[in-house]
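Here's the structure we're looking at; comments come further down.
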Amino acid sequence: MSTVADSEHPSQSGHEVAVVGAGPVGLLLAGDLAERGIRVVVLERENEPHSGPKANGIVGSAAVALAKRGILTGTRLRVMTPPRFQFGSLPLRLGFGPGNPLHILPVPQRRLEELLERRAVAAGAVIRRGCEVLGFAQDADGVDVDAREDGATASVRALYLVGCDGAHSVVRKSAGIGFPGFTSDRIARIARVCIPADVITVMRTADELTIRGVGSVAPMRPNRMPGGSFSIAPVRALDPTAPDDLYLINTHEPRGQAEPTDPLPVEELRASLRRVLGADLSFTDATAARSIVANSRQADAYKVGRAFVAGDAAHIFNAGGSALNAGLNDAIELAVRLAAVLRSGAPVGELNGYETVRRAAGERTLVHTRAQAALERDDDGTNALRDIVGEVLNGRGASRRLARLMEQG
Numbered sequence: 001m002s003t004v005a006d007s008e009h010p011s012q013s014g015h016e017v018a019v020v021g022a023g024p025v026g027l028l029l030a031g032d033l034a035e036r037g038i039r040v041v042v043l044e045r046e047n048e049p050h051s052g053p054k055a056n057g058i059v060g061s062a063a064v065a066l067a068k069r070g071i072l073t074g075t076r077l078r079v080m081t082p083p084r085f086q087f088g089s090l091p092l093r094l095g096f097g098p099g100n101p102l103h104i105l106p107v108p109q110r111r112l113e114e115l116l117e118r119r120a121v122a123a124g125a126v127i128r129r130g131c132e133v134l135g136f137a138q139d140a141d142g143v144d145v146d147a148r149e150d151g152a153t154a155s156v157r158a159l160y161l162v163g164c165d166g167a168h169s170v171v172r173k174s175a176g177i178g179f180p181g182f183t184s185d186r187i188a189r190i191a192r193v194c195i196p197a198d199v200i201t202v203m204r205t206a207d208e209l210t211i212r213g214v215g216s217v218a219p220m221r222p223n224r225m226p227g228g229s230f231s232i233a234p235v236r237a238l239d240p241t242a243p244d245d246l247y248l249i250n251t252h253e254p255r256g257q258a259e260p261t262d263p264l265p266v267e268e269l270r271a272s273l274r275r276v277l278g279a280d281l282s283f284t285d286a287t288a289a290r291s292i293v294a295n296s297r298q299a300d301a302y303k304v305g306r307a308f309v310a311g312d313a314a315h316i317f318n319a320g321g322s323a324l325n326a327g328l329n330d331a332i333e334l335a336v337r338l339a340a341v342l343r344s345g346a347p348v349g350e351l352n353g354y355e356t357v358r359r360a361a362g363e364r365t366l367v368h369t370r371a372q373a374a375l376e377r378d379d380d381g382t383n384a385l386r387d388i389v390g391e392v393l394n395g396r397g398a399s400r401r402l403a404r405l406m407e408q409g
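For the sequence shown, my numbering assigns the number 1 to the initial residue and increments by one for each residue that follows.
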């Protein structure tokens, strides 16, 4: 519902920047702008925040940026430098101490959105939920956003528009920006499930789980299995209030003719687990079950006139933690440049630097996420490549070099 009156001119409506999408990227951008005194409105199609699980954390420098902003203050969330991590299905041995370049923040996306929205609203940003953006037009002085709100058409005028509205971005499409790339030939099936205590045993170091009928698996990372890959994580690692028997499970296998499904039938989840694990996994109470097919794409442009794209509207990767890291860094960079123009008297050309910097960063992330996906394939050539690369990564120096690439975002 709208909290401010619509207007045809920014000086009347008070909107200097309109952000489309109240996900983590849009909310961080709104908060960064509002804290600099910029009048910002966020237009979000959904009436309520998404309650199901999405991303489970941030991998890279954006985690540190959030901590520096005080967003984690008063929570139990902590940025960590993991001594071990994964590059695709290969382990990175990063070690302890200041030489470890990789930062991670385990956090459910919904919790992250709550924290970012609270900060943005406290700083003066306006969040308009139930406001579906249909398109926009721009002129020399600003942008007119066409929307549907409360069953009626609405128009929002702002000086600048930023599309943080996801992979199917209306802003990107309305701006005529291409989105080249490819769709994976593998499918992931994801769910939260309750696994009885007599089915799963957590080893003392918590680095290994033993599943009845399956054997030992490593938590929080992909495990190569007979029919694909499998990952499992205790939800308590992300939400300390979750019950001990609640786990997030994920299978990856060849897609065939399957299409992504939300919600995913439990029977399909069980069948996928049976194919991937080579055995049945006993569980109850499957929730938030869905299947997804990964894409790897980057927008042809990040800026057209007064309109910008950021986050999944600008790029999508097949590694969720890296995708969120890149999107949040988009928001950080764009906020600095918009503030320089709107508050510090910088020339408008300053905004062109956003595309220069962030497209290059997106290209780097495309490279390393595509490499990770390639290393997870199961064929003779990839198996040989994985053996060679795995030997190289036994050295801490090589592991840390890859970790620095993942950190940048």
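Beta carbons: idealized from backbone N, C-alpha and C, even for Gly.
Counting only the Cα atoms, ASN250 lies some 10 Å from VAL276.
According to the DSSP assignment, ASN383 belongs to the alpha helix (DSSP H) that extends over 380–392.
Beta-bridge annotation (DSSP): ARG186 is paired with PRO254.
Residue state for TYR247 is assigned as strand, using DSSP reduced to three classes. Take the alpha-carbon of GLY31 and the one of GLU113: they are about 12 Å apart. In this structure, the straight-line span from the alpha carbon of GLY349 to that of ILE232 is close to 47 Å.
For LEU161, there is no enclosing alpha helix (DSSP H); the enclosing beta strand (DSSP E) has its first and last residue at 160–163. DSSP, read as helix, strand or coil, puts PRO234 in strand. For ILE177, the secondary structure class from DSSP, reduced to helix, strand or coil, is coil. Just measuring C-alpha positions, the residue of PHE85, ALA122, HIS252 and GLU149 sitting nearest GLU132 is GLU149. In the DSSP assignment, SER399 falls outside any beta strand (DSSP E) and lies within the alpha helix (DSSP H) extending over 396–408. The alpha carbon of ALA147 has as its nearest neighbour, out of GLY57, ASN352, ASN223 and ARG128, the alpha carbon of ARG128. Take the alpha-carbon of ILE71 and the one of PRO226: they are about 42 Å apart. Out of GLY142, ASP207, LEU28 and PHE230, the CA that lies nearest to the CA of ARG306 is found in GLY142. If you draw a straight line from the Cα of ASP239 to the Cα of LYS68, it is about 22 Å long. With a cut-off of 8 Å on Cβ pairs, the stretch 322–333 is in contact with the stretch 11–28, counting three or more such pairs. Looking at the DSSP output, LEU43 bridges to VAL20 and ARG128. Contact annotation: PRO254 and ASP185 have beta-carbon atoms nearer than 8 Å. PRO234 counts as buried, since at least 16 other C-beta atoms from the protein chains shown sit within 10 angstroms of its C-beta.
If you ignore the 5 residues before and after PRO263, its C-beta comes within less than 7 Å of the C-beta of ALA289 and ARG290, all in its own chain and listed in chain order. Using a Cβ-Cβ distance cut-off of 8 Å, the stretch 150–157 and the stretch 178–195 are not in contact, since fewer than three pairs of beta carbons, one from each stretch, lie closer than that value.
Between GLU117 and the set GLU268, GLY60, PRO243 and LEU33, the nearest pair of CA atoms involves LEU33.
Setting aside the 5 residues that flank it on each side, ARG84 is surrounded in the same chain by PRO91, LEU92, ARG93 and LEU94, each with a C-beta closer than 7 Å to its C-beta; the list follows chain order. Under the three-state reduction of DSSP output, ILE104 falls in the strand class. A direct Cα-to-Cα measurement between LEU338 and GLY321 gives close to 26 Å.
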